[in-house]
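Heads up, the sequence shown is in our numbering, so the first residue is 84 and it goes up one at a time.
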Amino acid sequence: APAGKIKYPLNYKGENIIGRKARLNPPDVNVLMDSGDGTMSRRHARIHISFGTGGTVFLLSDLNSQNGTRLFNRQRQEIQILPGDEVYLQDGYIIRMGNSELIFEAVHRQSPAVPKGIK
């Protein structure tokens, strides 16, 4: 990661709860951001990862955070997220929680190559 950047890995399938690291952390928060950003909630947003016929699906939702979650696409256009919404995430989207920003990087796992056999 470039200087000043921290990578936060996600569980590859299911729920990823993102929040600000605090003295007492909610037990279901598995992505703790140690940013000291008091505008980010301890339990701020969720990224749900699932697998469909069209590939991997990443959904972002706000967890009724105090200051909301904002999402920007690669053209820096804001995609509004209201409480209860689930918004599709794509590689390169920027997630803003409080004063903290994350750049979402989708790493798609590939199945190992099938050996072609011996001729």
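Every residue gets a Cβ at the ideal spot worked out from N, C-alpha and C, and that includes glycine. Note that this is a predicted model, so its numbers are computed, not measured.
Within its chain, find whatever has a CB closer than 7 Å to the CB of Pro109; leave out the 5 residues flanking it on each side and keep chain order.
Gly102, Arg125 and Arg126
What are the boundary residues of the beta strand (DSSP E) that Gly175 is part of?
Run containing Gly175: none; DSSP gives neither H nor E here.
For Ile178, count the other beta carbons within 10 Å of its own beta carbon; 16 or more makes it buried, fewer makes it exposed. Which is it?
buried
With a threshold of 9 Å between beta-carbons, can Asn147 be considered close to chain D, or not?
Looking for chain D here will not work: only one protein chain is present.
Taking only runs that begin and end inside the region 115-139, name each unbroken beta strand (DSSP E) of 3 or more residues, in chain order.
128-135
Beta-carbon proximity of Val112 to Ile100, cut-off 9 Å:
yes
Pick from Gly167, Ser118 and Ile162 that is closest to Gln173, judged by C-alpha positions
Ile162
If you draw a straight line from the C-alpha of Arg106 to the C-alpha of Gly138, how long is it?
38 Å
Quick test of your reading: Ser133 and Asp168, contact by CB under 8 Å. State the CB separation rounded to the nearest angstrom.
17 Å between Cβ atoms; not a contact.
Return yes when the Cβ of Asn182 is within less than 9 Å of the Cβ of Leu116, no when it is not.
Before going on, a small fix: residue 116 reads as Met here, not Leu. No, they are not a contact pair.
Measuring CB to CB, does Met180 end up less than 9 Å from Asn156?
no
With DSSP collapsed to three states, give me the class of Glu161.
strand
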